[in-house]
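Just so we're on the same page, this note's numbering is the position in the sequence shown counted from 1, plus 487.
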Amino acid sequence: MAKYDIVTKEILKQIARDLSRYILKIPVSDDIELIEKEFTRVEKRDADLLFKSGNSVIHIEIQNQNHSNMHKRMLRYYSDILFEYEEFDIKQFIIYIGRDKCNMKSQINRDSINYKYGIIDMRDLSCKEFLESNEPALVSLSILCDFENEDSQVVVNTILKRLKTLCKDELEFRSHLKMVEILSSNRDLEDAVKKGEEMLKVDIQKMPSYQIGLEKGVLKGIEKGIKKGIEKGKYEARVNIAKEALKHGLDIEMVMKLTNLSKDEIINIQKTL
């Protein structure tokens, strides 16, 4: 799941809140605290979500493939979490996003052990509620859900339009778009996403504000526009964009692509934050 490194910590927190509230039906606070501890006996994977909310520690494992030993791995996670957070209620879930039907076990009943956790298969959930959400992370996840016989291109186009409308800025939109691109491969929707992106680009270019921007030399810095009103080639603007990108958690290589600044320049900017 290393592909998900592009997703920033803030978006991970948003995903954790949305998964808990809307899929797992667990009420969690807005100020959840991500736990980034690497347990000694458990390999830490970037896709795992482990966080505290109130008196609960919630562990969500995002699983891309069926794993015959997943129930034993989850038990091992449980024991390690219990060791560190015994005073908290521990809730565990697998959210399955793979291509094939989920066939993993969700419990262990043997000897004196009676252990179980929840499994949610995203393909069993209707995309309608996700698409109607005002949370960008939830809209992004709708690419994995049941389209209920709706035309896949129409649904994908709707996802991208909703993200463009809901995201606060271009950086947030690009982070969610990258997530949609990655997840689309699990549903063989890569071509539909590419077509949707082209459609969205055309729609944006038809907007009066875009045409005005072109006339003023705007929308040129970051692949035709991180921020409207930035003059082409303006160094200070690219520095400001780099600062915002770094604050959002993007890595140096990605910031280089976004701003055309050199690695040394970005490292020096990073030192000032």
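Note that the Cβ used here is the ideal one computed from N, Cα and C, for glycine as well.
Sequence-distant residues of its chain with Cβ nearer than 6 angstroms to residue i (five each side left out)
i, result
"Leu537", "Ile522 and His546"
"Glu677", "Ser671"
"Arg550", "The amino acid at residue 550 is misidentified as Arg; the sequence shows Gln. Excluding residues within five positions, the ones whose Cβ falls inside 6 angstroms are Ile581 and Tyr583."
"Phe673", "The sequence shown places Asn at residue 673, rather than the Phe named in the question. If we look at Asn673 and ignore the five residues flanking it on each side, its Cβ neighbours are Ile584 and Arg586."
"Lys592", "His558"
Residue interval of the beta strand (DSSP E) (run including residue i)
i, result
"Ser627", "Careful: Ser627 lies outside any beta strand (DSSP E), inside the alpha helix (DSSP H) at Pro623 to Leu628."
Reduced DSSP secondary structure (H/G/I, E/B, other) of residue i
i, result
"Phe660", "helix"
"Lys539", "strand"
"Glu520", "strand"
"Ser620", "coil"
"Glu685", "helix"
"Gln501", "helix"
"Asn747", "coil"
"Asn727", "helix"
"Asp738", "coil"
"Lys588", "coil"
"Glu574", "coil"
"Ser507", "helix"
"Leu733", "helix"
Beta-ladder partner(s) of residue i, from DSSP
i, result
"Gln579", "His546"
"Asn596", "Asn601"
"Asp608", "Tyr583"
"Ser672", "In DSSP, Ser672 forms no bridge with anything."
"Asp633", "Ser613"
Residue i - containing alpha helix (DSSP H), residue span
i, result
"Met557", "Met557 to Glu571"
"Leu650", "Ser639 to Leu653"
"Ile756", "Lys750 to Lys758"
"Lys512", "It is not in any alpha helix (DSSP H) - Lys512 carries neither H nor E in the DSSP assignment."
Cut-off 7 angstroms between Cβ atoms - residues of its own chain near residue i, not counting five sequence neighbours on either side
i, result
"Lys730", "Ile756 and Leu760"
"Ser749", "none"
"Leu653", "Asn621, Pro623 and Val626"
"Glu668", "Val680"
"Asp587", "Asn553"
"Arg649", "Leu618 and Val626"
"Val642", "Cys614 and Phe634"
"Leu687", "Leu647, Lys648 and Lys651"
Sequence-distant residues of its chain with Cβ nearer than 8 angstroms to residue i (five each side left out)
i, result
"Arg508", "Pro514 and Val515"
"Glu684", "Leu647 and Leu664"
"Ile607", "Ile510, Leu511, Phe580, Ile581, Ile582 and Tyr583"
When the Cβ atoms of the region 620-637 are set against those of the region 593-600, are three or more pairs found closer than 8 angstroms? Too few Cβ pairs lie closer than 8 angstroms, so no.
Quick one: any contact between the region 499-513 and the region 613-633, if contact means 3 or more CB pairs under 8 angstroms? Taking a contact to require three or more Cβ pairs closer than 8 angstroms, the region 499-513 and the region 613-633 qualify as touching.
Would you call the region 571-580 and the region 650-660 in contact, with 3 or more CB pairs under 8 angstroms? Contact fails between the region 571-580 and the region 650-660, because fewer than three Cβ pairs, one in each stretch, are under 8 angstroms apart.
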